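Asker: Throughout the sequence shown, residue numbering follows mature numbering (1 follows the signal peptide of the UniProt record, and there is no 0), covering -24 to -1, 1 to 193 in sequence. Ideal Cβ placement from N, Cα and C applies to all residues, glycine included. Here the structure is a predicted model, which means the values were calculated and not measured.
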Amino acid sequence: MRKVLSAIALAAVALLSATGTSWAQRRAEPGAFDYYVLTLSWSPAFCAKAKGSSDPDQCGMDRKFGFVVHGLWPQNADGGYPANCTRDRSVPKAVVDQMMPIMPSVGLIVYEWAKHGTCSGLNATDYFTRLREAYAKIKVPEPLQSPDPDLSVPAMQVERLFVQANPGLAPESVAVVCSKRDVAEVRICMNKDLGFMPCGSRIVDRCRRDAVLTATR
């Protein structure tokens, strides 16, 4: 397993090198950021894509996930964010095992640590502990907890349901992101103590007016 994690980590690094660093990404000292963005991915939307079909941990025929954790991203108030802050690409197997129930992809776990976790100022074990703590503060709305085949919820309603299900969570602390007509992610902004806070200017809703959340795969 350790060899597998190393191979995946190297592949992630190669991908990062090939794609370069976007304008929003900043190299910074680990821990030098303003707030976190907890990103939840709607698994049926991911698994409906070609890249999802190659991930049996998340998208195998017996895997019926709804919202899963995509990442906990250090973010800056001006819209930029630090990325790839150290060369540490290793995630202990015990940590991977702990994360799989809520983040069911080994490749994603390693990638998120390399790109975002290394900028948190924490080691891998503590970063993923922090991520689990952030996730534990969020209640996924009951209608969205399982991928019912008949589920069809407009994107605007998805945000409203999250606000209603989580006392203290305001609309300005949530952003819904879509891929064409499909709701793909819900992003929730938290301070460094994991309290809800307004998102920065770049964390906004990105959905067409006709976008919906469905469980069709």
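Could you tell me the distance, in whole angstroms, from the CA atom of Gln34 to the CA atom of Val153?
Answerer: Going by the C-alpha atoms only, they are around 20 angstroms apart.
Asker: Going by C-alpha distance, which of Gln121, Leu84, Asn60 is nearest His92?
Answerer: Of the candidates Gln121, Leu84, Asn60, the one whose C-alpha sits nearest the C-alpha of His92 is Asn60.
Asker: Would you say Val129 and Met79 are within 8 angstroms of each other, going by their C-beta atoms?
Answerer: Not in contact: Val129 and Met79 (Cβ atoms no closer than 8 angstroms).
Asker: Note down, in chain order, each residue of its chain lying with its Cβ closer than 6 angstroms to the Cβ of Ser122, except the 5 sequence neighbours on either side.
Answerer: Answer for Ser122: Gly42, listed in chain order.
Asker: Between which two residues does the beta strand (DSSP E) containing Val129 stretch?
Answerer: It spans 128 to 130 - the beta strand (DSSP E) in which Val129 sits, taken as one unbroken run.
Asker: Is the beta carbon of Phe172 sitting closer than 8 angstroms to the one on Leu189?
Answerer: Contact flag unset, no.
Asker: Within a Cβ cutoff of 7 angstroms, which residues of the same chain sit near Asn167, ignoring the five residues on either side of it in sequence?
Answerer: Answer for Asn167: Tyr11, Met173, listed in chain order.
Asker: Let me make sure I understand the geometry here. Which of Asp124, Leu107, Ala4 has the alpha-carbon closest to that of Lys40?
Answerer: It is Asp124.
Asker: Between the beta-carbon of Pro6 and the beta-carbon of Thr62, is there less than 8 angstroms?
Answerer: A contact, by the Cβ cut-off of 8 angstroms.
Asker: What's the gap between the Cα of Pro119 and the Cα of Gln133?
Answerer: Each residue's Cα considered, the two are about 11 angstroms apart.
Asker: Just curious, the beta strand (DSSP E) that Ala191 is in, first and last residue?
Answerer: Looking at the DSSP string, Ala191 is not in any beta strand (DSSP E), and its letter there is neither H nor E.
Asker: Distance, Cα to Cα, Asp102 vs Ile164?
Answerer: About 20 angstroms.
Asker: Gln140 to Val150, Cα distance in whole Å?
Answerer: Approximately 12 angstroms, taken between the alpha carbons.
Asker: Could you spell out the range, first to last residue, of the alpha helix (DSSP H) harbouring Glu88?
Answerer: Where Glu88 is concerned, the enclosing alpha helix (DSSP H) stretches over 82 to 91.
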